[in-house]
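Data first, discussion second: the structure below is written as structure tokens.
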Amino acid sequence: QGDIKKVIEVTPWVEQLTSDYFESLYEDTGMTGKFIESDLGEFLRTINILNGNALVSKIKPDKTEVNIGGAAVIKDYRMVGWLDEEETQGVNMFLGRLKGGNIIVEDPDNYGVVTFSIISERSKLSLKAREPIPKFNLQVSIEGDVKGITHGTLISLEDSLEIQELVSKAVKEQILKGTTKIKDVYKVDLLKLGDHLRKYEPKLWEEYEENWDDMLPDIGIDVNVHTTIRNIGVIR
């Protein structure tokens, strides 16, 4: 975001070489879905396959560091806008690309917040309705650990079940936030909905292909999230 020259001119306070700094930056943020993990080769392949459409990480310079998070939306080979970090993570969840990260939810007993650390995430897209406008269903499975509790007390089994529901709700909200921005605001199919129809419903895709971008805001997506806590600090 901003002048690319300012990013290159940042003087990191630890690494002496700019290349080493950028490499460590991506390594440190690798276990999160809040940016788009892609090298130049993958970006070029994506923008070619998707006919000029892609997501690319947002990098914002400071005096002594570079912050990475969020994404630029590329449509028809032009940047048309931004996704914030939550929207980007939501899109990564939709596409099943999430490698890790944290979800912060309110403590069931109203003592503060709970930090849920994602270990694995899987998503499965299916077509729910064909006409008059396609409607999709997304099933998401999240597994992770409870890593932080602000009040520092024991968590009951009942609380752990409620935390799972709260995490599922938060994940669903992030996914819908990101997908809505992509398809309703920017009207670009970076969710690969058309690709799904092309693979599994080719005749239906032939019917909709010509007007697909204009149809995007009207296409429905139902999201269902199932969360499993693998480990928790202490259970009473």
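Start counting the sequence shown at 1032; every next residue gets the next number (this note's numbering). We put the beta carbon where it would ideally sit given N, CA and C, even for glycine. Every value quoted in this text rests on a predicted model; they were computed, and no experiment measured them.
Check                                                                                                                     : Outcome
Burial state of Ser-1157 (16 or more Cβ within 10 Å)                                                                      : exposed
Inter-stretch contact (C-beta, 8 Å, three-pair minimum) for the region 1211 to 1228 and the region 1099 to 1110           : yes
CB-CB length for Ile-1078 against Thr-1119, believed under 8 Å                                                            : In fact, because the Cβ distance is near 17 Å, the residues do not count as touching under 8 Å.
Residues of its chain near Val-1038, where Cβ-Cβ distance is below 7 Å and the 5 sequence neighbours each way are ignored : Low confidence applies here, because Val-1038 scores a pLDDT of 47, under 50, leaving its location unreliable; read the following figure in that light. Ile-1090, Pro-1092 and Val-1097, listed in sequence order.
Beta-carbon gap between Met-1124 and Gly-1209 smaller than 9 Å                                                            : yes
Burial state of Thr-1259 (16 or more Cβ within 10 Å)                                                                      : exposed
N- and C-terminal bounds of the beta strand (DSSP E) containing Lys-1166                                                  : 1166 to 1180
Neighbourhood of Pro-1165 by C-beta, 6 Å cutoff - its chain only, sequence neighbours within 5 removed                    : Ile-1250
In chain order, each beta strand (DSSP E) run of at least 3 residues that lies wholly inside the region 1090 to 1124      : 1097 to 1106 and 1109 to 1114
Delimiting residues of the beta strand (DSSP E) encompassing Asp-1244                                                     : Element bounds for Asp-1244: not the beta strand (DSSP E) but the alpha helix (DSSP H), 1243 to 1246.
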